[in-house]
Amino acid sequence: MIHRCIEKRLQAAVSAVVPEADTRRVLVRPCPEPKHGDYQANALMMLARQHRLNPRELAEKVVAALDVSSWCEQVTVAGPGFINFRLSGSALNARLQHVLGSGGSFVEATAEPRTVVIDFSSPNVAKPMHVGHIRSTILGDALARVFRRLGHRVITDNHIGDWGTQFGMLIVGWRTLLNEEALQRDPIAELERLYQAVNHAAKEDGSVRDQARAQLVKLQGGDLENLSIWRRMQALSQSQFDSVYARLGIRFDHTLGESFYNDQLAGVLGELSRAGISEESDGAQVVFFRDHSTLHDKPALIRKSDGAANYCTTDLATLRHRVKQWQADEILYVTDGRQQLHFQQVFAIFGKWHPACAAKLEHVWFGSILGPDGKPFKTREGEVVKLTALLDEAESRALAAVTEKNGELPPTQRIEIARAVGLGALKYADLSNNRQSDYVFDWDKMLSLQGNTAPYLQYACTRVRGIFRRGEMPDTQGATLALAAPQELALAKRLLNFGLVLEMVAAEYRPNYLCSYLYDLAGDFTAFYEACPVLKAPPVERQSRLALCKLTSLVLREGLDLLGIEVPDQM
RNA sequence: GCGCCCGUAGCUCAGCUGGAUAGAGCAGCGGUCUUCUAAACCGCAGGUCGUUGGUUCGAGUCCAACCGGGCGCGCCA
Numbered sequence: 003m004i005h006r007c008i009e010k011r012l013q014a015a016v017s018a019v020v021p022e023a024d025t026r027r028v029l030v031r032p033c034p035e036p037k038h039g040d041y042q043a044n045a046l047m048m049l050a051r052q053h054r055l056n057p058r059e060l061a062e063k064v065v066a067a068l069d070v071s072s073w074c075e076q077v078t079v080a081g082p083g084f085i086n087f088r089l090s091g092s093a094l095n096a097r098l099q100h101v102l103g104s105g106g107s108f109v110e111a112t113a114e115p116r117t118v119v120i121d122f123s124s125p126n127v128a129k130p131m132h133v134g135h136i137r138s139t140i141l142g143d144a145l146a147r148v149f150r151r152l153g154h155r156v157i158t159d160n161h162i163g164d165w166g167t168q169f170g171m172l173i174v175g176w177r178t179l180l181n182e183e184a185l186q187r188d189p190i191a192e193l194e195r196l197y198q199a200v201n202h203a204a205k206e207d208g209s210v211r212d213q214a215r216a217q218l219v220k221l222q223g224g225d226l227e228n229l230s231i232w233r234r235m236q237a238l239s240q241s242q243f244d245s246v247y248a249r250l251g252i253r254f255d256h257t258l259g260e261s262f263y264n265d266q267l268a269g270v271l272g273e274l275s276r277a278g279i280s281e282e283s284d285g286a287q288v289v290f291f292r293d294h295s296t297l298h299d300k301p302a303l304i305r306k307s308d309g310a311a312n313y314c315t316t317d318l319a320t321l322r323h324r325v326k327q328w329q330a331d332e333i334l335y336v337t338d339g340r341q342q343l344h345f346q347q348v349f350a351i352f353g354k355w356h357p358a359c360a361a362k363l364e365h366v367w368f369g370s371i372l373g374p375d376g377k378p379f380k381t382r383e384g385e386v387v388k389l390t391a392l393l394d395e396a397e398s399r400a401l402a403a404v405t406e407k408n409g410e411l412p413p414t415q416r417i418e419i420a421r422a423v424g425l426g427a428l429k430y431a432d433l434s435n436n437r438q439s440d441y442v443f444d445w446d447k448m449l450s451l452q453g454n455t456a457p458y459l460q461y462a463c464t465r466v467r468g469i470f471r472r473g474e475m476p477d478t479q480g481a482t483l484a485l486a487a488p489q490e491l492a493l494a495k496r497l498l499n500f501g502l503v504l505e506m507v508a509a510e511y512r513p514n515y516l517c518s519y520l521y522d523l524a525g526d527f528t529a530f531y532e533a534c535p536v537l538k539a540p541p542v543e544r545q546s547r548l549a550l551c552k553l554t555s556l557v558l559r560e561g562l563d564l565l566g567i568e569v570p571d572q573m
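Taken in order, the first sequence gives residues 3 to 573; the numbers are from the numbering used here.
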């Protein structure tokens, strides 16, 4: 990547001028304002302050010691000490040509691959997946794709909620109220009905509650009949999950639910207790963080007074497994922001338990999806929105749009387009927001062809494709780039930054950076498309522009693919 | 009581180590199809970045206090 080459030279020049300087923070980034240059460095102003130098003079000395003529036609010092770099046309053309010829890309694999475990989605057995699972599922998948693309070893793990007190209720329901026919027809709905019925009954009748508790104890004690009911529920749920993930194009390397750790929990509790990390309090085992600045008054419960472990314990066992068995360098938990305290506690306990562990633990949290009223997204009836219903509606709304705009296409093709557009729109709506923000769910906005949406980007792809469909498929492989028009240059320069953007996504776990980038890229392409004829251009421009289109198409498609979004050939 | 998050244009949202004149879409107003997909594009208008202080060459971004809203805090996960 060119900016990295410039950066290395710049760091060397800084070291030559100020030998004691720490150059790790001397970075070269794209200029937000193209009129200043293509890349800029503003770290010298900070450096000057640290070393009590005049920033402007320092910048000028560094520039004097800097040779980046292989890539830049101009290097200037501006304002209080910005260094601005203007790429030379020849370097730009050469870089694009190289990517084209090598069949390579604008992404550079990391020099330091890490093992990154990503925990996301995590639905519950016997419950339908709902809108609450969508952000985790989509964000986690996109992050997994980006980390893989950067050359990291990624392990995705679906930590399913397949164990817990709800199974007492469910087993009572299964034993007393099960309708086999309904179970055949819609297993999850039937399981949900059982749970609700028993839960309702338990509220009024203490003996039902006692039954549920008794069945739970039997299950936990290894009762064969209850175990087999539980396994049946698990299998039914898994097939529901599988069908949703298949629709979304998502796969997991592992699906190790909470139950996988059952036989490790006693050991975990024993170790924590023996190490003096946990202590008894009101009959429960609790970890206190007495010296901790924010957790000092927030103890964590790891074993209930009835002797049962809870999700804190399970998460500790899970964490140990990931660190020990998978040798994780980095573990990402993609969950709702409301679990921040929980993960702070889990990470803090793990730190006491395995002080030598250097794995980076990150709670990649996200905000809520809101309805038009600004309150948590619900159906008109006030119920949670089921994920399958959401996917269905996305596809049917997209189908209506495709039919309206392109009704002459055969129905099967329209359905296929609608699938890609509808699901793409849904995913993109989530990914394009800053994950930590709450956002308002709006069908019209996400399916719009205007603005920062998936359909707009997909449409940009089909426009590029349209050029190739119209003309004969040209040999862009050996094309000579001869970019000249400002729109061509702007587009080409944007392409160069693709890899950098992916690195930013991975560094902060924020796919919305990629979305913004793709939207800007599509905007650059549109400007080019409006201003520069391709097929009708004279031969030299024509092949150069075809090559530029080819590269744009590659980046747009790969970028969308990294977000888990498909691109139809036509729209 | 303790802690986390949010407050940017009428609405929905971006805003990358603090960096140059705070951006986009919608809605509003005005333009552009004999020309590679107009499901598109161009232009205009729209802002005391919640308030007040502080840090500094420079603050939407960092710090403090306050106002307004959301969420979490030992036997659910």
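In this text, a Cβ means the ideal position worked out from N, Cα and C, and glycines have one as well.
Check: To which residues does DSSP link isoleucine 371 through a beta bridge?
Finding: According to DSSP, which records beta bridges pairwise, isoleucine 371 is partnered with Tyr441.
Item checked: Run of the beta strand (DSSP E) containing cysteine 74, from where it starts to where it stops -> Start and end: 74–80.
Margin query: Taking only three categories from DSSP, how would you classify leucine 363?
Written below: Judged by DSSP in its simplified three-state form, leucine 363 adopts strand.
Next item on the list: Reducing DSSP to helix, strand and coil, say where asparagine 312 ends up.
Entry: In the structure shown, asparagine 312 sits in coil (DSSP, three-state: anything other than H, G, I, E or B).
Margin query: Which of the three DSSP states is assigned to glycine 163 in this structure?
Written below: The three-state secondary structure of glycine 163, taken from DSSP, is strand.
Note to self: Contact defined as beta carbons within less than 8 Å: I believe leucine 321 pairs with phenylalanine 352. What is the distance between those atoms, to the nearest angstrom?
What the structure shows: With 8 Å as the limit, leucine 321 and phenylalanine 352 qualify as a contact, their Cβ atoms being about 5 Å apart.
Check: When the Cα atoms are used, what is the spatial distance from phenylalanine 87 to cysteine 7?
Finding: When the Cα atoms are used, phenylalanine 87 and cysteine 7 turn out to be separated by approximately 12 Å.
Next item on the list: Would you check if the distance between the CB atom of alanine 204 and the CB atom of glutamate 192 is smaller than 7 Å?
Entry: The answer is no: Cβ separation not under 7 Å.
Notebook entry, point to check: From what residue to what residue does the alpha helix (DSSP H) around threonine 296 run?
Noted result: It is not in any alpha helix (DSSP H) - threonine 296 carries neither H nor E in the DSSP assignment.
Note to self: Given this structure, state the Cα-to-Cα distance separating alanine 509 from proline 115, to the nearest angstrom.
What the structure shows: For alanine 509 and proline 115, the distance between alpha carbons rounds to 13 Å.
Margin query: Strictly by DSSP, which residues pair up with phenylalanine 84?
Written below: For phenylalanine 84, which the question treats as bridged, DSSP gives the partners Ala80.
Notebook entry, point to check: Using CA coordinates, which residue listed in Ala481, Leu565 and Ile173 is at the minimum distance from alanine 96?
Noted result: Residue Ala481 is the option with its Cα nearest to alanine 96.
Checklist line | Run of the beta strand (DSSP E) containing arginine 305, from where it starts to where it stops | finding: First-last of the beta strand (DSSP E) with arginine 305: 302–305.
Next item on the list: Tell me where the alpha helix (DSSP H) around valine 133 begins and ends.
Entry: If you look at valine 133, you'll find it isn't in any alpha helix (DSSP H); DSSP assigns it neither H nor E.
Next item on the list: Leaving out five residues on either side along the sequence, give the residues of the same chain with a beta carbon under 6 Å from the beta carbon of isoleucine 157.
Entry: Here the set comprises Val119, Asp255 and Trp328.
Next item on the list: Determine the DSSP secondary structure at arginine 155, reduced to helix, strand or coil.
Entry: Arginine 155 sits in a strand when the DSSP states are folded into three classes.
Check: What are the boundary residues of the alpha helix (DSSP H) that includes threonine 178?
Finding: For threonine 178, the uninterrupted alpha helix (DSSP H) segment begins and ends at 168–179.
Note to self: Taking DSSP's pairing of strands, which residues face asparagine 126 in a bridge?
What the structure shows: By DSSP's assignment, asparagine 126 forms a beta bridge with Gly163.
Margin query: If the criterion is Cβ atoms closer than 7 Å, does the pair alanine 67 and valine 19 meet it?
Written below: In this structure, alanine 67 lies near valine 19, with their beta-carbon atoms less than 7 Å apart.
Check: For glutamate 397, does the count of other Cβ atoms within 10 angstroms reach 16, so buried, or fall short, so exposed?
Finding: By the C-beta density criterion, glutamate 397 is buried, having at least 16 other C-beta atoms within 10 angstroms.
Next item on the list: Express the C-alpha separation of alanine 360 and glutamine 99 in angstroms, rounding to a whole number.
Entry: Between the alpha carbons of glutamine 99 and alanine 360 lies a distance of about 42 Å.
Next item on the list: State the Cα-Cα distance for the pair alanine 268 and serine 275, rounded to the nearest angstrom.
Entry: If you take the alpha carbons of alanine 268 and serine 275, they lie about 10 Å apart.
Margin query: If I follow the unbroken beta strand (DSSP E) through glutamate 194, where does it start and stop?
Written below: Counting along the chain, glutamate 194 falls outside any beta strand (DSSP E), though it belongs to the alpha helix (DSSP H) covering 189–206.
Checklist line | DSSP-derived helix/strand/coil call for threonine 528 | finding: DSSP places threonine 528 in helix when its eight states are reduced to three.
Note to self: Short of 6 Å in beta carbon distance, which residues of its chain neighbour leucine 491, apart from the five on each side in sequence? Order them along the chain.
What the structure shows: Cβ neighbours of leucine 491 beyond the five flanking positions: Leu485.
Notebook entry, point to check: Among Lys552, Arg437 and Asp563, which one has its Cα closest to the Cα of arginine 512?
Noted result: Considering only alpha carbons, the answer is Arg437.
Next item on the list: Note down the Cα distance separating leucine 548 from glutamate 383, rounded to an integer number of angstroms.
Entry: Between the alpha carbons of leucine 548 and glutamate 383 lies a gap of roughly 53 Å.
Margin query: As a quick exercise: from Val387, Ile333, Glu395 and Asp394, pick the residue whose alpha carbon is nearest that of tryptophan 367.
Written below: Its Cα nearest to that of tryptophan 367, the residue Ile333 stands out among Val387, Ile333, Glu395 and Asp394.
Next item on the list: Reducing DSSP to helix, strand and coil, say where proline 413 ends up.
Entry: DSSP, reduced to helix, strand and coil, places proline 413 within a helical segment of the structure shown.
Checklist line | Of the residues Tyr247, Gly91 and Phe291, the one placed nearest glutamine 76, counting alpha carbons only | finding: Nearest Cα to glutamine 76 within the set Tyr247, Gly91 and Phe291: Gly91.
Check: For the alpha helix (DSSP H) that contains glutamine 2, what are its first and last residues?
Finding: Residue 2 lies beyond the residue range present for the chain, which begins at 3 and ends at 573; the question has no answer from this structure.
Check: With distances taken from CA atoms, which of Ile469, Ser439, Asn435 and Asp440 is nearest glycine 453?
Finding: Minimum Cα-Cα distance from glycine 453 among the listed residues Ile469, Ser439, Asn435 and Asp440 corresponds to Asn435.
Note to self: What would DSSP say about aspartate 338, mapped onto helix, strand or coil?
What the structure shows: Three-state result, aspartate 338: strand.
Note to self: Please return the same chain residues whose Cβ sits closer than 8 Å to the Cβ of arginine 11, not counting the five positions on each side in sequence.
What the structure shows: Excluding residues within five positions, the ones whose Cβ falls inside 8 Å are Leu68, Asp69 and Val70.
Check: Under a three-way DSSP split, which group does arginine 97 fall into?
Finding: Assigned with DSSP and collapsed to three states, arginine 97 falls in helix.
Next item on the list: Return the chain-ordered ranges of every alpha helix (DSSP H) run that is complete within the region 526–564 and spans a minimum of 4 residues.
Entry: Runs of the alpha helix (DSSP H) inside the region 526–564: 541–564.
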